[in-house]
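Working notes, beginning with the structure itself.
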Ligand code: 13P
Ligand code: SF4
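Numbering (the working numbering), first residue to last: 1 to 318.
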């Protein structure tokens, strides 16, 4: 297909078709996180959790990676693929966890704990990754921490809720950076208890970024892809889902005969939807494939320092 030289100003009437044509023309791969709007998930080449998306980004032979997720995810893809063009439909798609851990504050925190192994959740900036010994995701954090030398203390950043859950399940004591996800801190315990009363047969499945008092009410805890697998394999007849509701599109698609209930935020608000993830739209995806911008750019020294702990994770990850 020959791409017209001029960049179209107006989006075409059939955006989905136009995105598919551009993807082929650009030799692009479209990666999407489970929290993306349904229409983006439906057009993606791979929908996955942070670990699956990082793995795919590490192995793709596409020239362009269109990352439908948030900034740290696209940045990770760029760290793994310096020669490829990595575009993010909306550069403002950040993450409250990454924002809660500025590089200079993190450097001061590390300096207070010089003998610690530094484990950082992938939801952080390249500048924080570059200061870490090991990166983890919610999918592999427990297994990775269990593999660390028993005689070394561990720092864990930036999510304290995930960190507490990892400590409980790995048997290791972790010194925690006090960050949290604004979405996973918003779920209402009262609404959850009401849903449990209304649907006593339902299984409560939760992401480990939730606060401990909610995790204590969960029957199963795991990353987004583990929650999806659980919905597929559990014998329960319905599910109460404690994570960003974008995942429900996939759950309902894979398990169409079972009901899934989302837990609202306090006061019944819809702030359980990640405001950053929802910035990406089909139109912005079309535009970024057309213009190849906004693209992720990284200083090479920083990239190399951030790459080492990501490669360690990929090598150690089960
Ligand atoms: P996953 O590791 O399940 O993809 O979680 C990423 C995330 O941002 C959760 O809020
Ligand atoms: Fe970040 Fe929370 Fe959004 Fe995940 S849901 S991308 S942790 S703000």
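C-beta atoms are modelled at their ideal positions from N, C-alpha and C, and glycine is treated no differently.
Problem set entry | Residue from 188, 185 and 113 with nearest C-alpha to residue 153 | Nearest in C-alpha terms to residue 153, of all of 188, 185 and 113, is 113.
For this session: Kindly give me the distance between the Cβ atoms of residue 118 and residue 110, rounded to whole angstroms, as I take these residues to be in contact under 8 Å.
Result: Residue 118 to residue 110, Cβ: 6 Å. Contact.
Problem set entry | Buried or exposed (CB count within 10 angstroms, at least 16 for buried), residue 269 | exposed
Exercise. Helix, strand or coil for residue 309 per DSSP?
Worked result: helix
Exercise. Pick from 82, 87, 115 and 122: whose alpha carbon is nearest that of residue 97?
Worked result: Comparing Cα-Cα distances from residue 97 to each of 82, 87, 115 and 122, the minimum goes to 122.
Exercise. Going by beta carbon distance, what residues of the same chain come within less than 7 Å of residue 185, once the five residues before and after it are set aside?
Worked result: 211
Problem set entry | CB contact flag (residue 166, residue 142, <7 Å) | yes
Exercise. Can you find a heavy atom of the ligand 13P that lies under 6 Å from the Cβ of residue 50?
Worked result: yes
Problem set entry | Minimum C-alpha distance to residue 181 - residue among 9, 99 and 218 | 99
For this session: Give the straight-line distance between the Cα atoms of residue 219 and residue 245, rounded to the nearest whole angstrom.
Result: Going from the Cα of residue 219 to the Cα of residue 245 covers about 18 Å.
For this session: Please confirm whether any heavy atom of the ligand SF4 lies closer than 6 Å to the CB of residue 97.
Result: yes
For this session: Would you tell me roughly how many angstroms separate the C-alpha atoms of residue 316 and residue 126, rounded to the nearest one?
Result: 20 Å
For this session: Report yes if the C-beta distance between residue 39 and residue 282 is below 7 Å; otherwise report no.
Result: yes
Exercise. What span of residues does the alpha helix (DSSP H) with residue 64 cover, start to end?
Worked result: Not the alpha helix (DSSP H): residue 64 falls in the beta strand (DSSP E), residues 64–68.
Exercise. Which of the three DSSP states, helix, strand or coil, is assigned to residue 105?
Worked result: Shown here, residue 105 sits in a helix according to DSSP, grouped into three states.
Exercise. To the nearest whole angstrom, what separates the beta carbons of residue 135 and residue 310, a pair I think is in contact under 8 Å?
Worked result: Their Cβ separation, rounded to whole angstroms, is 5 Å, which keeps residue 135 and residue 310 in contact under 8 Å.
Exercise. Does any heavy atom of the ligand SF4 sit closer than 6 Å to the C-beta of residue 276?
Worked result: For residue 276, the distance from the CB to the nearest heavy atom of the ligand SF4 is below 6 Å.
For this session: Return the first residue and the last residue of the beta strand (DSSP E) that residue 17 is part of.
Result: Looking at the DSSP string, residue 17 is not in any beta strand (DSSP E); the run it does join, the alpha helix (DSSP H), is 15–26.
For this session: Measure the CB-CB distance between residue 85 and residue 54 and report whether it falls below 7 Å.
Result: Result no, Cβ atoms of residue 85 and residue 54 do not sit closer than 7 Å.
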